[in-house]
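Heads up: the sequence shown is residues 2 to 173, going by my numbering. Here's the structure, in structure tokens; my notes come after.
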Amino acid sequence: LLYNVARSERLANDLPAAEADLRRALALTPDDAPSLLLLSKIFLVAERHVDAATTARRCIQVDATEDECRIAYADAFVGAMRILGPQADSAQSRGAIGEAVAIVKKALEIDPDDEILKERLATLDREQGEIARFRTEIDKSLSAKKWDAAMSGLLELYRRVPGDARAGCGRA
């Protein structure tokens, strides 16, 4: 019943109401492929590509024979990756490594088997660890009033890491 109401609401272009009804329907019957498919399509129309892709992926898991789920997933996947890739690149180039990590993790929700995304996440984790190590060493040097060591650390950090990621060093 909720699925039929949601279909009518989608046709009337009332996407928020359709989404709410589909969420209620899925709370009652989580493995309802038609509801998952319709919800994915609603997300896609609303340009919520990540939500669309993860919902369509769930639809495929529920009913692997449903070709429409695969088509919805492919459409949403392309849209999501088109958005998430540049967002992650931008965050990384600004030195916002934590933000880049969150974006790559979002992409991995869509495609958990993507080896390139897994490698990128590992690289970002290493970079985040390196930044943290630099910050710790610089702060220790400053606290100990080892000015030369602090300056060397700051220069090395400056040389290796984008600007925004250097923020917060030397808080001592």
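The beta carbon of each residue, even a glycine, is placed where N, CA and C say it ideally should be.
Of the residues 72, 16 and 65, the one whose Cα lies closest to the Cα of residue 43 is 16. Closest in alpha carbon position to residue 34, among 60, 53, 65 and 52, is 60.
By the neighbour-count definition (other C-beta atoms within 10 Å, threshold 16), residue 110 is an exposed residue. Taken atom to atom, the span from the alpha-carbon of residue 7 to that of residue 18 is near 7 Å. Excluding five sequence positions before and after residue 80, the CB atoms of its chain that fall closer than 6 Å to its own CB belong to 50, given in chain order. By the beta-carbon neighbour count (other beta carbons within 10 angstroms, threshold 16), residue 74 is buried.
Within 10 angstroms of the beta-carbon of residue 9 lie fewer than 16 other beta-carbons, which makes it exposed. A direct Cα-Cα distance of roughly 41 Å separates residue 48 from residue 137.
Measuring C-alpha to C-alpha distances from residue 123 to each of 135, 105 and 144 identifies 105 as the nearest. By the criterion of a C-beta distance shorter than 8 Å, residue 115 is surrounded in its chain by 108 and 109, once the five residues flanking it on both sides are discounted.
Secondary structure of residue 2 (DSSP, three-state): coil. Comparing C-alpha distances from residue 36 to each of 46, 63 and 76 shows the shortest one belongs to 63. Contact between residue 142 and residue 130 is absent: CB atoms are separated by about 19 Å, not below the 8 Å threshold. Rounded to whole angstroms, the separation of the alpha carbons of residue 133 and residue 157 is 13 Å. Following the DSSP letters along the chain, one finds residue 56 inside the alpha helix (DSSP H) bounded by residues 50-63.
Per DSSP, reduced to three states, the secondary structure at residue 11 is helical.
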